[in-house]
Structure formats: structure tokens, C-alpha cells
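Enquirer: So that we are looking at the same thing, I have put the structure below in C-alpha cells.
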Amino acid sequence: MWMLDVRKQLTISPNVATKVVRTLVGHGLLKEVSDVRHRSRKIFMATDFQPSDEITGGTWYHDGRLDTDAVSAVRRRCQAQVEKLGAATVQMIHHGILRDDPKAGYTIDKVRDIVKTMVLDKVLEEVKSTGEGDFAAVRSGTICYRLAGAAQGGMMEGIPCGVCP
């Protein structure tokens with residue numbers, strides 16, 4: 397619950413609400429939780445409950461801040477798996493990470509989140525497998541990921557035709 401909600405529900409002054417909440421925190425009945433969406437708000441909850449990922453930010457947040465080191469480490473691992481395999485599905489990347497480090501503990505959803513950000517950052521590109529060449533390990537028609545590289549066009553594509561003004 398948010399401090400303003402406490403004040404409105406109990407119709408008490410801010411000083412009294414603060415004192416009541418501090419007392420409950422002191423007795424171990426409430427705990428303060430940092431909300432990644434609203435940093436300035438103080439949110440309190442019963443000590444018996446765990447905050448949801450929506451409030452804490454999930455795996456990628458620590459003490460209300462984005463854990464850039466953890467994100468970078470997973471990005472490097474994902475990129476290494478794609479480099480090793482040439483083209484890989486999210487399941488293949490996840491399996492490779494767990495095979496290399498069984499204690500990693502990343503779920504497939506977390507790996508999918510990181511892979512999607514790598515696509516947006518143009519580190520990886522999402523393609524549909526043909527089942528041939530680099531895609532031999534991936535079933536034909538399956539969405540997979542490969543390292544983003546230079547454009548696959550020929551030399552003539554970079555030269556303007558002169559028709560446009």
C-alpha cells in the first residue's frame with residue numbers, strides 16, 4: 397500500500413500516518429518495498445508477502461535499479477551461443493547457456509526478453525529458417541536468430557540510379 401492510500405483510508409494527518417507506519421515497520425509487521433515504476437513513492441506491504449515482479453522489476457532489477465552487469469552478462473552469453481551455432485532459436489540459446497553454466501538459472505522467458513532487446517539493438521536479427529546452410533540445425537520455417545551483419549545485397553545496390561530528383 398502507498399503512504400497516500402494509508403492517509404486517505406484512515407483519514408488521518410500525514411504526521412500520524414508516518415508515525416503509525418514507522419511503528420508497524422519497527423515491529424516487523426510491514427516492510428518498505430521500492431517500486432521501479434514510481435521511485436518517489438513509499439510502498440509498504442506485510443512482511444509475509446513477496447512483491448510481484450511488476451513492482452520490483454523482476455530478475456533484471458536489484459534494489460530498485462536495473463542490474464546492467466547481469467543484463468550484459470546474459471547478452472554476452474546469448475551472443476556467444478548464436479556465434480557458436482550460426483543461427484539459433486531461443487530454446488537453443490537457452491539450452492546452450494544452461495549447458496555451459498547449469499547454475500545460471502535463467503528461464504527461457506528471461507532469455508527471450510534479452511534476445512528481443514538484442515534484436516532491437518541490431519546485434520541479432522530475427523529470420524525464418526530455410527533449413528539449409530547456416531540454418532541446417534533449425535527446422536525449416538522456424539523463427540530463429542543470427543548475428544546482424546552487413547546488408548546482404550550486391551555492390552550495385554549502393555549506387556543510385558539517377559532517376560529520382
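443 is the number that my numbering gives to position 47 of the sequence shown; each next residue is one higher, with no gaps.
Note that the Cβ used here is the ideal one computed from N, Cα and C, for glycine as well.
Bear in mind that the values here come from a model prediction, so they are computed numbers and not experimental data.
1. Using only the alpha-carbon positions, how far apart do Thr345 and Lys438 sit?
2. Below 7 angstroms between beta carbons: does that hold for Asp449 and Trp456?
3. Classify Ser525: buried if its beta carbon has 16 or more other beta carbons within 10 angstroms, exposed otherwise.
4. Can you tell me whether DSSP reads His423 as helix, strand or coil?
5. What does the alpha-carbon distance come out to for the pair Ser536 and Leu494?
6. Between which two residues does the beta strand (DSSP E) holding Glu522 run?
7. Where does Ile555 fall in DSSP's three states?
8. Just to confirm the assignment, what range does the alpha helix (DSSP H) spanning Ile504 have?
9. Three-state secondary structure (DSSP) at Ala413?
10. Specify the secondary structure class of Phe440 as computed by DSSP and reduced to three states.
11. Please confirm if the region 499 to 506 is in contact with the region 476 to 483, defined as three or more CB-CB distances below 8 angstroms between the two stretches.
12. Note down the Cα distance separating Glu397 from Glu428, rounded to an integer number of angstroms.
13. DSSP three-state label for Ala483, please.
Expert: Answer, in terms of the structure:
1. Because the chain in this structure spans residues 397 to 561, residue 345 falls outside the shown range and cannot be described.
2. Cβ atoms of Asp449 and Trp456: not closer than 7 angstroms.
3. Note on Ser525: 16 or more other CB atoms within 10 angstroms of its CB, so buried under the neighbour-count rule.
4. If DSSP states are grouped into helix, strand and coil, His423 belongs with coil.
5. If you take the alpha carbons of Ser536 and Leu494, they lie about 25 angstroms apart.
6. That run of the beta strand (DSSP E) goes Leu520 to Lys524.
7. Look at Ile555 here: in three-state DSSP terms it is coil, with no helix or strand label.
8. Element bounds for Ile504: Ile504 to Leu516.
9. In the three-state reduction of the DSSP assignment, Ala413 falls in the helix class, which pools H, G and I.
10. Of the three classes helix, strand and coil, the one that applies to Phe440 here is strand, per DSSP.
11. Cβ pair count under 8 angstroms is below three, so no.
12. Checking the displayed sequence, the identity of residue 397 turns out to be Met instead of Glu. For Met397 and Glu428, the distance between alpha carbons rounds to 10 angstroms.
13. DSSP places Ala483 in strand when its eight states are reduced to three.
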